[in-house]
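**Student:** Let me begin by handing over the structure; questions about it come next.
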Amino acid sequence: MFSIDIYKERRQLLKKTVGSGLILLLGNEEVGMNYRDNTYHFRQDSTFLYFFGLDKPGLAALVNVDEDVEILLGNEPTIDDIVWMGTQPSVSDTAALTGIHQVDALSALETLVKKSFAKGQTVHYLPPYRAQAVIKLSEIFGISYAEVQERASVKLIKAVVAQRSYKSAQEVSEINKAVLVSNEMHLAAIRYSKEGRTEKYVAGILEGMALSAGGNIAYPVIYTVNGQTLHNHPTQNQLKKGQLILCDCGAETAMHYAGDLTRTFPVEQKFTALQKEVYEIVLKAEEAAVDALKPGIRFLDVHHLACEQLVDGLKQLGLMKGDAQEAVSQGAHALFFQCGLGHMMGLDVHDMEDLGEQYVGYSDDLVKSKEFGLKSLRLGRELEAGFVLTVEPGLYFIPELMDMWQAQGKLKDFINYDKLAAFRDFGGARIEDNFLITENGYQLLGEPLIKSVADIEALGRI
Ligand code: GLY
Ligand code: MN
Ligand code: MN
291 MFSIDIYKER RQLLKKTVGS GLILLLGNEE VGMNYRDNTY HFRQDSTFLY
341 FFGLDKPGLA ALVNVDEDVE ILLGNEPTID DIVWMGTQPS VSDTAALTGI
391 HQVDALSALE TLVKKSFAKG QTVHYLPPYR AQAVIKLSEI FGISYAEVQE
441 RASVKLIKAV VAQRSYKSAQ EVSEINKAVL VSNEMHLAAI RYSKEGRTEK
491 YVAGILEGMA LSAGGNIAYP VIYTVNGQTL HNHPTQNQLK KGQLILCDCG
541 AETAMHYAGD LTRTFPVEQK FTALQKEVYE IVLKAEEAAV DALKPGIRFL
591 DVHHLACEQL VDGLKQLGLM KGDAQEAVSQ GAHALFFQCG LGHMMGLDVH
641 DMEDLGEQYV GYSDDLVKSK EFGLKSLRLG RELEAGFVLT VEPGLYFIPE
691 LMDMWQAQGK LKDFINYDKL AAFRDFGGAR IEDNFLITEN GYQLLGEPLI
741 KSVADIEALG RI
């Protein structure tokens, strides 16, 4: 945890921004994997962590803005809990850790919320993403599951986003730690990529490194020869010399701040001429996008700039033609770059995605597009100092998509469909790094991680 004062100040600011009513924040519960007592690893809700820092299941909080009262709700440990899990703190000891002095049983939640209702208070809650929370809110408010989502408080969402978007120095330092561990994972990924090993074997080592560093993986490891599949997961596939691996993995620290890096490299260990050409197009696009990072620029425009760089490169490869700007404005690049250039990062790898991408990555004046390609751009808004984000251009050769567009003759003024055959088995390439937006520009988080063709080829395999 950070110091108690940080959590108190965060809650003070939240109360001030929300202005009135009752704020209900639910912590996460354990979730059974194959039966109740065999649970997935516990992950606390990130907003709950942000405002309370309490990293255990079975908690909820009520912040009464009108009366300036904060209550932590939880269940006192039973003797059975102690027998199975060891000595447990009382709810009031837990609450004291975050500067709260009023506690109640979790079972009192419904009654307390109903009392507030009876007094005419507005009750604010965030959109739930877990079934248990949906059910709990549905029971408390006596509304359907669909209504639970609809009635989430936009005022509270906006207030939380306004705070969590700007990372403090302590948060940046945590993210930096996460990126440093992620760097080590990527060096290992390149070094362990040898013929005969399976994707799972290497991915397991990477996951273990995140755990050994004291935290966990920030998201499931992507380590695959099928890099064209955007979020592909490792299989028992045996690696062959010269295959191109796309590895996207990152650690989160014990305090749950994330890192999110991608490197693309060949198994033992020279790029083919074509792999090198494609890779260097992506690298150039990443460099151009990073160079443009500064407060005041819209990330949507940085995304477009990266897309134009990709199109320029694809023109040199012979896959695209015509004016790059025009190609991008018509969405032709999306045949090869179907997703967005990056996203906010913090306590979540896609920071605050549960609160809604429109609120996190866009603004009242900038609405998220529904067009193929742009609909996956999670961040479009003007950048501000204190934002932490990823930059992650890529080129992905998806046979089914190429076939579909070709059959439709889609945007054929920009695409040389007759040249695509050679790329059906290429896979994909992505390069991803993490940045803090500063007053004057940007700062790379972690240490620079190798990414030139020469450096990747020179790194010894083990
Ligand atoms: N690791 C998921 C992403 O890059 O967005
Ligand atoms: Mn990412
Ligand atoms: Mn990633």
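Heads up, the sequence shown is in my numbering, so the first residue is 291 and it goes up one at a time.
Ideal Cβ placement from N, Cα and C applies to all residues, glycine included.
#1: How should I535 be labelled, buried or exposed, when 16 other C-beta atoms within 10 angstroms of its C-beta is the threshold for buried?
#2: Identify the residues that DSSP records as bridge partners of R720: which are they?
#3: Opposite L734 in the DSSP bridges: which residues?
#4: Can the beta-carbon of M634 be found less than 8 Å from the beta-carbon of V678?
#5: According to the neighbour-count rule (16 or more other Cβ atoms, all chains shown, within 10 Å of its Cβ), is S293 buried or exposed?
#6: Between P683 and A596, how many whole angstroms is the CB-CB distance? I'm expecting something under 8 Å.
#7: Could you check if T329 belongs to the surroundings of ligand 4, using beta carbon to heavy atom distance under 7 Å?
#8: Please classify P417 as buried or exposed, where buried requires at least 16 neighbouring CB atoms within 10 angstroms.
#9: Measure the alpha-carbon distance for S760 versus L316 and round it to whole angstroms.
#10: Tell whether a beta-carbon distance below 8 Å holds between P556 and G532.
#11: Classify E674 as helix, strand or coil using the three-state DSSP reduction.
#12: How about Y419 and A442: are their beta carbons less than 8 Å apart?
#13: Nearest by alpha-carbon distance to F242: which of V413, D335, L551 and A500 is it?
#14: Mapping the DSSP letters down to three states, classify T384 as helix, strand or coil.
#15: Return yes when at least one heavy atom of ligand 3 lies under 7 Å from the C-beta of T552, else no.
#16: Touching or not, the segment 383 to 393 and the segment 293 to 306, by the rule of three or more beta carbon pairs under 8 Å?
#17: By a C-beta neighbour count over all protein chains shown, 10 Å radius and 16 as the cutoff for buried, is T401 buried or exposed?
#18: Please determine if the segment 559 to 575 and the segment 718 to 725 are in contact, where contact requires at least 3 C-beta pairs separated by less than 8 Å.
#19: With burial defined as no fewer than 16 other Cβ atoms inside 10 Å of the residue's Cβ, what is the status of M499: buried or exposed?
#20: Looking at ligand 2, does it come within less than 7 Å of H521, judged from the CB to the closest heavy atom?
#21: Using only CA atoms, which one of D715, L604, Y330 and H594 lies nearest to Q615?
#22: Per DSSP, M610 is paired with what?
#23: Would F626 pass as a contact of L685 if the rule is Cβ separation under 8 Å?
#24: Residues in the same chain with beta-carbon distance under 7 Å from G647, minus the five sequence neighbours each way, listed in chain order, please.
#25: Can you pull the DSSP bridge partners for P556?
#26: What does DSSP give as the partner residues of H414 in its beta bridges?
#27: Using a Cβ-Cβ cut-off of 8 Å (strictly less than) and excluding sequence neighbours within five positions of T525, which residues of its own chain qualify?
#28: Taking only runs that begin and end inside the segment 442 to 479, name each unbroken alpha helix (DSSP H) of 4 or more residues, in chain order.
#29: What's the gap between the Cα of F341 and the Cα of E461?
#30: Between V681 and F725, how many whole angstroms is the CB-CB distance? I'm expecting something under 8 Å.
#31: Less than 8 Å between the CB atoms is what I'm expecting for L673 and P738, so what's the real figure, rounded?
#32: Can you tell me whether E722 sits near ligand 3, meaning its C-beta is under 7 Å from at least one heavy atom of the ligand?
#33: For V393, which residues does DSSP report across the bridge?
#34: In whole angstroms, give me the CA-to-CA distance for L691 and K702.
#35: Count the other C-beta atoms from every protein chain shown that fall within 10 angstroms of the C-beta of Q334, then say buried if there are 16 or more, exposed otherwise.
**Tutor:** Reading off the structure:
#1: Here the question's residue 535 lines up with position 245 in the sequence shown. Answer is buried; the Cβ neighbour count reaches 16.
#2: Stepping through the sequence shown from its first residue, residue 720 is reached at position 430. For R720, which the question treats as bridged, DSSP gives the partners G684.
#3: The sequence position of residue 734 within the sequence shown is 444, counting from 1. Answer by DSSP bridge pairing, in chain order: F725.
#4: Against the sequence shown, residue 634 aligns to sequence position 344. Against the sequence shown, residue 678 aligns to sequence position 388. With respect to V678, M634 sits close: the two C-beta atoms are nearer than 8 Å.
#5: Your numbering for residue 293 matches position 3 in the sequence shown. The residue is exposed, with fewer than 16 neighbouring Cβ atoms inside 10 Å.
#6: The sequence position of residue 683 within the sequence shown is 393, counting from 1. The sequence position of residue 596 within the sequence shown is 306, counting from 1. Contact flag correct, Cβ pair sits at about 5 Å.
#7: Inclusion of ligand 4 in the displayed structure is not the case, the ligand content consisting of ligand 1, ligand 2 and ligand 3 alone.
#8: Taking the sequence shown and counting its residues from 1, the one referred to as residue 417 is at position 127. With 16 or more other Cβ atoms within 10 Å, it is buried.
#9: Residue numbering for the chain in the displayed model covers 291 to 752; residue 760 lies beyond these limits and cannot be assessed.
#10: Indexing the sequence shown from 1 puts residue 556 at position 266. Indexing the sequence shown from 1 puts residue 532 at position 242. Yes, Cβ-Cβ distance for P556 and G532 is below 8 Å.
#11: Locating residue 674 in the sequence shown gives position 384, counting from the first residue. In the structure shown, E674 falls within a coil segment according to DSSP collapsed to helix, strand and coil.
#12: The residue given as residue 419 occupies position 129 in the sequence shown. The residue given as residue 442 occupies position 152 in the sequence shown. No. Outside cutoff.
#13: Here the chain has residues from 291 to 752 only, and residue 242 is not among them.
#14: For the purposes of this step, residue 384 is taken as residue 94 along the sequence shown, with counting starting at 1. Note: T384 maps to helix in three-state DSSP.
#15: Counting from one through the sequence shown, the residue named residue 552 turns up at place 262. Yes, the beta carbon of T552 sits closer than 7 Å to at least one heavy atom of ligand 3.
#16: Between the segment 383 to 393 and the segment 293 to 306, the count of C-beta pairs closer than 8 Å reaches three or more; the two stretches touch.
#17: Residue mapping note: residue 401 aligns to position 111 of the sequence shown, counting from 1. Classification of T401: exposed, given that the 10 Å Cβ count is below 16.
#18: Yes, the segment 559 to 575 is in contact with the segment 718 to 725.
#19: Counting from one through the sequence shown, the residue named residue 499 turns up at place 209. Looking at its Cβ environment, which holds 16 or more other Cβ atoms inside 10 Å, M499 is buried.
#20: Start at 1 with the first residue of the sequence shown, and residue 521 comes out as number 231. With a cutoff of 7 Å, H521 does not count as near ligand 2, since its C-beta is closer than that to no heavy atom of the ligand.
#21: For this step, residue 615 is matched to residue 325 along the sequence shown. Shortest Cα-Cα distance from Q615 to any of D715, L604, Y330 and H594 involves H594.
#22: On the sequence shown, residue 610 is found 320 positions in, with the first residue counted as 1. Here M610 is bridged, per DSSP, to I705.
#23: As a working mapping, residue 626 is identified with position 336 in the sequence shown. As a working mapping, residue 685 is identified with position 395 in the sequence shown. Yes, Cβ-Cβ distance for F626 and L685 is below 8 Å.
#24: For the purposes of this step, residue 647 is taken as residue 357 along the sequence shown, with counting starting at 1. For the record, residue 647 in the displayed sequence is Glu; it is not Gly. The answer, listed in chain order, is K658 and R668.
#25: The sequence position of residue 556 within the sequence shown is 266, counting from 1. Residue pairing of P556 in beta bridges, as defined by DSSP: L534.
#26: Sequence index remark: in the sequence shown, residue 414 carries index 124 (1-based). Bridge partners of H414: I313.
#27: Position 235 of the sequence shown, counted from the first residue, corresponds to residue 525. Setting aside the 5 residues that flank it on each side, T525 is surrounded in the same chain by T488, E489, K490 and T514, each with a C-beta closer than 8 Å to its C-beta; the list follows chain order.
#28: Every alpha helix (DSSP H) of 4 residues or more that sits fully in the segment 442 to 479 is shown, in chain order, as 444 to 454.
#29: Taking the sequence shown and counting its residues from 1, the one referred to as residue 341 is at position 51. Taking the sequence shown and counting its residues from 1, the one referred to as residue 461 is at position 171. F341 and E461: Cα-Cα distance of roughly 13 Å.
#30: Stepping through the sequence shown from its first residue, residue 681 is reached at position 391. Stepping through the sequence shown from its first residue, residue 725 is reached at position 435. Rounded, the Cβ-Cβ distance is 6 Å, consistent with contact.
#31: Here residue 673 is taken as the residue at index 383 of the sequence shown, counted from 1. Here residue 738 is taken as the residue at index 448 of the sequence shown, counted from 1. In this structure L673 is not in contact with P738, their Cβ atoms being roughly 21 Å apart against a cut-off of 8 Å.
#32: Taking the first residue of the sequence shown as position 1, residue 722 is located at position 432. Taking 7 Å as the cut-off, the C-beta of E722 counts as close to a heavy atom of ligand 3.
#33: The residue labelled residue 393 in the question sits at position 103 within the sequence shown. In DSSP, V393 forms a bridge with L362.
#34: Counting from one through the sequence shown, the residue named residue 691 turns up at place 401. Counting from one through the sequence shown, the residue named residue 702 turns up at place 412. Distance from the CA atom of L691 to the CA atom of K702, rounded to whole angstroms, is 14 Å.
#35: For the purposes of this step, residue 334 is taken as the residue at position 44 of the sequence shown. Around the beta carbon of Q334, 16 or more other beta carbons sit within 10 angstroms, so the residue counts as buried.
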